[in-house]
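So in this note's numbering, the last one in the sequence shown is 717, and the numbering has no gaps at all. In this text, a Cβ means the ideal position worked out from N, Cα and C, and glycines have one as well. Note that this is a predicted model, so its numbers are computed, not measured. Worksheet: one structure, shown below.
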Amino acid sequence: MTTPRNTHLIVTARLISDFGAFLNMVALATYVYLLSNSAMSVGIFLASRVGGGIFASLIGTRFYRRWQRRAPLIAFDLLRAALLALLLITPASQQAWLLPFIAFGLGLGNSMFAIGLNSHLPRLIAPAQLLKANAWITSASSAAMVGGSLVSGLLVAAFGFETVFALNALTYLLAALLIMPLRFEKTDVSEQPERGEWFALRQGLRSAPVVAAMLAVTMADTLGSAAHNVGFPIISKLLTPEAASTTLGLALSVWASGKLLGARIASRLKGSENSHLERRFFCGVALMSCGFILMFQQHSLVGLLLFALPAGLGDGVSEVSLMSRLQREPAALRLPIFSVLTLLQMSGFGIGMLVAAPFYAWWTPGAVVMLFHGIPLGTLGVVTLLGIRRGRVARSSPTPVP
């Protein structure tokens, strides 16, 4: 296994691919609104994108059992490039009905690419290097998010939507070219569970309750993330009505810088046992949620940016720890676990956006974010109490607790 070569290729491919994903997320949402002049059309577009991600989580396990190695990853990059190319050859008058299907395809491609790459990473990177590789991947994704989000508006203003869509398609083609030289570790043992994927997943989570707890906290955290994503433009406009977009860009940049720093810290902390990764994940989620709660209580731009940094730090630490811990599960469980993770994230984000949005009409942004980020903090509290109780039972019981 040529780990350094594979790591460089994967990180670069992820950087370019995620840059393209955030580039089209901003550009396409704006394009849909300008084309239709309807907020409902934007909502349908975003819902279709989330729907594609949910569909991917449902078919990802079975798909990657049958189609492995490089080909599927390359195919989903080519699919995303082809969908964007449709906008270059289809007349604008006929694009309104096409855009929801393009959104669904992009959501599907993004999630399938992530499921395949995350679940197969242990076959591409040596176990001792997985933590550092995940840190670099998270760092690349954070940089891509800021770059794609901030550059998108500038490129549209300077060159127009067609040029941005062409550039976006090119990013996916470049990512596909970087995937082609990857070398996978050969496996002689079948990874197919004997009694079905979901039975094996249930049994695996029962034998590893901490992993089940991590997935539950991830779902709760996704609801909080949806709330602060809805609230970002609102708090930006409240603090700086004359420069809301600039404030939003600065907040995202500081947050992503914190996430990048958190990823680097996570890769350098001493101790790489499963228990260390689990504790870091829970602590990272707590830091992130507390950071966002404090961030939305501020009445000045300086205060907003000050607390954006720890929110990003916690996000970076928790993401690297979660990916590294889940990749240590047996090969037969990795695919269904990452499929479930994607399902939880996409459904939680979609539900969270729908549920959180009305609260901003009734409450202040600080109160809304406190409520929704209180959900992961409350879940962490429950998980901690259950862990303490489990430890007491284990110490007092003559038979080991599974």
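CA nearest to the CA of residue i, picked from the options
i	options	result
Ser590	Leu637, Ala558 and Gly368	Leu637
Leu516	Leu641, Ala407, Pro437 and Val632	Leu641
Leu465	Gly681, Leu624 and Leu565	Leu565
Gln409	Ala336, Asp333 and Ser351	Ser351
Ile608	Leu592, Arg594 and Gly629	Gly629
Ala647	Thr322, Arg320, Arg521 and Ser434	Ser434
Leu432	Phe391, Val341, Leu398 and Ile690	Phe391
Ser426	Thr478, Tyr348 and Gly368	Gly368
Ala407	Val471, Tyr487 and Tyr346	Tyr346
Ala490	Ala400, Val655 and Ala396	Ala396
Gln612	Leu324, Glu588, Phe597 and Val683	Val683
Cys598	Leu692, Leu330 and Ala676	Leu692
Val670	Phe687, Arg385 and Pro415	Phe687
Asn339	Val526, Gly667, Leu399 and Gly618	Leu399
Ile430	Leu530, Ile440, Thr657 and Leu330	Thr657
Ala418	Met495, Arg377, Leu343 and Gly667	Leu343
Gly422	Ala371, Ser467, Ala458 and Leu403	Ala371
Ser654	Thr562, Phe428 and His323	Phe428
Which of helix, strand or coil DSSP assigns to residue i
i	result
Asn352	coil
Lys585	coil
Val504	Legend: pLDDT at Val504 = 44, less than 50; position of this residue unreliable, value from coordinates given subsequently. Coil at Val504, not helix or strand.
Glu477	helix
Leu497	coil
Trp678	coil
Thr555	coil
Trp382	coil
Ile374	helix
Ile359	helix
Ala459	helix
Ile440	coil
Ala411	coil
Ala523	coil
Cβ-based burial, residue i [other Cβ within 10 Å; buried from 16]
i	result
Gln660	buried
His614	exposed
Lys585	exposed
Ser505	Residue confidence is low: Ser505 scores 49 on pLDDT, short of 50, so the model does not pin down where it sits. Its coordinate-derived value is still stated next. With fewer than 16 other Cβ atoms within 10 Å, it is exposed.
Leu412	Per the sequence shown, the amino acid found at residue 412 is Trp instead of Leu. Exposed.
Val461	buried
Val632	buried
Trp451	buried
Ala472	exposed
Met603	buried
Endpoints, the alpha helix (DSSP H) within which residue i is located
i	result
Ile404	Arg385 to Ile404
Ile417	Leu414 to His435
Whole alpha helix (DSSP H) runs in the segment 594-675 with 4 or more residues, listed along the chain? 616-641
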